[in-house]
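**Q** Please find one structure pasted underneath; my questions will follow.
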Amino acid sequence: MGVQDRITTTLSTKGQVILPKAIREQKHWAAGTKLIVEETDEGVLLKAAPVFAATDIESVFGSLRSTKPALSIDEMDVVISEEAKRRARD
Numbered sequence: 001m002g003v004q005d006r007i008t009t010t011l012s013t014k015g016q017v018i019l020p021k022a023i024r025e026q027k028h029w030a031a032g033t034k035l036i037v038e039e040t041d042e043g044v045l046l047k048a049a050p051v052f053a054a055t056d057i058e059s060v061f062g063s064l065r066s067t068k069p070a071l072s073i074d075e076m077d078v079v080i081s082e083e084a085k086r087r088a089r090d
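Using the UniProt record's numbering, the letters of the sequence shown map in sequence onto residues 1 to 90.
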């Protein structure tokens, strides 16, 4: 964006800034979107906050327990094969 193409907005007395509609639409930011505010050397950076907290596989592995008995390798192979055939038909 060149100097002439810049979009301006005004800071309200409550410290609120209205983001122009074109930017909100481009970023898919609807009302209520949580934004992360970061101070940078060049100014302020706004980024959409992640919907879910960051995690890793070790912290969630095994958290969803099944009530069914575990399948054997042979039983898993049968289920995988059947699903592959079903997807090939679709």
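Yeah, the Cβ is synthetic: ideal placement off N, Cα and C, and Gly gets one too.
Bear in mind the structure is a predicted one, so any value in this text is a computation, not a measurement.
1. Using a Cβ-Cβ cutoff of less than 8 Å, which residues in the same chain neighbour A84 once the five nearest sequence positions on both sides are dropped?
2. Kindly examine the ligand GDP and report whether one of its heavy atoms sits closer than 7 Å to the Cβ of R89.
3. Just list the alpha helix (DSSP H) runs in the segment 1-45, keeping only unbroken ones of 4 residues or longer that don't cross its boundaries, in chain order.
4. Residue range of the alpha helix (DSSP H) that T77 falls in?
5. What's the C-alpha gap between E39 and V51?
6. So S59 is in the alpha helix (DSSP H); what residue range does that whole segment cover?
7. Comparing C-alpha positions only, which one of A49, T8 and K47 sits nearest to K21?
8. Output yes or no for whether 8 Å exceeds the beta carbon distance between A49 and K27.
**A** Let me spell this out:
1. Translated into positions along the sequence shown, residue 84 becomes position 84. Answer for A84: no residue qualifies.
2. Of the ligands one can find in the structure shown there are none, so the ligand GDP has no counterpart to examine.
3. Counting only unbroken stretches of 4 or more residues, the alpha helix (DSSP H) elements lying wholly within the segment 1-45 are 21-27, in sequence order.
4. The residue you call residue 77 lines up with position 77 of the sequence shown. Residue 77 is actually Asp in this sequence, not Thr. That run of the alpha helix (DSSP H) goes I73 to R89.
5. Stepping through the sequence shown from its first residue, residue 39 is reached at position 39. Stepping through the sequence shown from its first residue, residue 51 is reached at position 51. In a straight line, the C-alpha of E39 is about 21 Å away from that of V51.
6. To locate residue 59, count along the sequence shown from 1; it is residue 59. Looking at the DSSP string, the run of the alpha helix (DSSP H) that includes S59 is I57 to V60.
7. Mapped onto the sequence shown, residue 21 falls at position 21. Residue T8 is the option with its Cα nearest to K21.
8. Residue mapping note: residue 49 aligns to position 49 of the sequence shown, counting from 1. Residue mapping note: residue 27 aligns to position 27 of the sequence shown, counting from 1. No. Outside cutoff.
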